[in-house]
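Residue numbering for the sequence shown follows this note's numbering, starting at 103 and increasing by one per position.
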Amino acid sequence: MPVMRSGVVADGEAVQRFKRATSGGPSTHEFSTTAGTSRRMGKVRQRGTAPELIVRRAVRRIGLHYRLRNRDLPGSPDLANRSRRFAVFVHGCFWHQHLHCPRATVPKRNRGFWVAKFAANRARDDRSVEALRQLGYTVLVVWECETADPDALTAQLTRGLFRHGR
Ligand SMILES: [Zn+2]
Numbered sequence: 103m104p105v106m107r108s109g110v111v112a113d114g115e116a117v118q119r120f121k122r123a124t125s126g127g128p129s130t131h132e133f134s135t136t137a138g139t140s141r142r143m144g145k146v147r148q149r150g151t152a153p154e155l156i157v158r159r160a161v162r163r164i165g166l167h168y169r170l171r172n173r174d175l176p177g178s179p180d181l182a183n184r185s186r187r188f189a190v191f192v193h194g195c196f197w198h199q200h201l202h203c204p205r206a207t208v209p210k211r212n213r214g215f216w217v218a219k220f221a222a223n224r225a226r227d228d229r230s231v232e233a234l235r236q237l238g239y240t241v242l243v244v245w246e247c248e249t250a251d252p253d254a255l256t257a258q259l260t261r262g263l264f265r266h267g268r
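This is the structure:
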């Protein structure tokens, strides 16, 4: 995912510290929360995660073609089509801190670190979207939690990507 493109080493260290610091927490509840967080962290640098695959399928379903890993475009959108000028980001709710989403938790340990980290992620996301729009792209952000309902997702993509009659 584009979000981890920079500062990978520092992030990896922080995650390891976080895992060491929180493993074997005092209560079952705390332990399960930590395990969930670790799972999400483990996935962050992967491409082709389940939500991304669902979005790809939905975009194909509405008859649009795209390319993956668009490193030459701002923010490296997960899906993009240069001739039709659209770009789609599939954002994990945790890493990109989906507003008002139950998945957008902030780890209690090293809270300051995570708050700063998430703020940087969101600022980078905003810059990428803005830069793409400047290039004439229609930009759509699909949140991980929105991929749970494929029909609603398809409707959202149709609205979003055909918005300008392209
Ligand atoms: Zn969400």
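Just so you know, even glycine gets a beta-carbon here, dropped at the ideal spot from N, CA and C. Since the model is a prediction, treat every value here as computed from it, not as a measurement.
Ligand 1 and residue i: does the residue's C-beta get closer than 7 Å to at least one heavy atom of that ligand?
i, result
"His167", "no"
"Trp197", "no"
"Glu246", "yes"
"Tyr159", "Per the sequence shown, the amino acid found at residue 159 is Arg instead of Tyr. Every heavy atom of ligand 1 is 7 Å or more from the Cβ of Arg159, so no."
"Arg163", "no"
"Arg205", "yes"
Check whether the Cβ atoms of residue i and residue j sit closer than 8 Å, and answer yes or no.
i, j, result
"Pro179", "Ala233", "no"
"Val161", "Val192", "no"
"Gln199", "Arg224", "yes"
"Leu181", "Arg158", "yes"
"Leu263", "Ile156", "no"
By alpha-carbon positions, which one of the options ends up nearest to residue i?
i, options, result
"Pro204", "Arg211, Arg235, Trp245", "Trp245"
Can you give me the C-alpha to C-alpha distance between residue i and residue j, rounded to a whole angstrom?
i, j, result
"Gly165", "Arg184", "15 Å"
"Arg261", "Lys210", "38 Å"
"Gln236", "Arg213", "35 Å"
"Arg186", "Val208", "37 Å"
"Val86", "Phe188", "No answer is possible for residue 86: it lies beyond the span of the chain, which begins at 103 and ends at 268."
"Ala206", "Ala218", "14 Å"
Checklist entry - In chain order, which continuous runs of the alpha helix (DSSP H) of length 4 or greater are located wholly inside the segment 213-264? => result 213-236, 252-263
Item to check | Within the segment 174-218, ranges of the beta strand (DSSP E) (whole runs, at least 3 residues) | outcome: 181-183, 188-193
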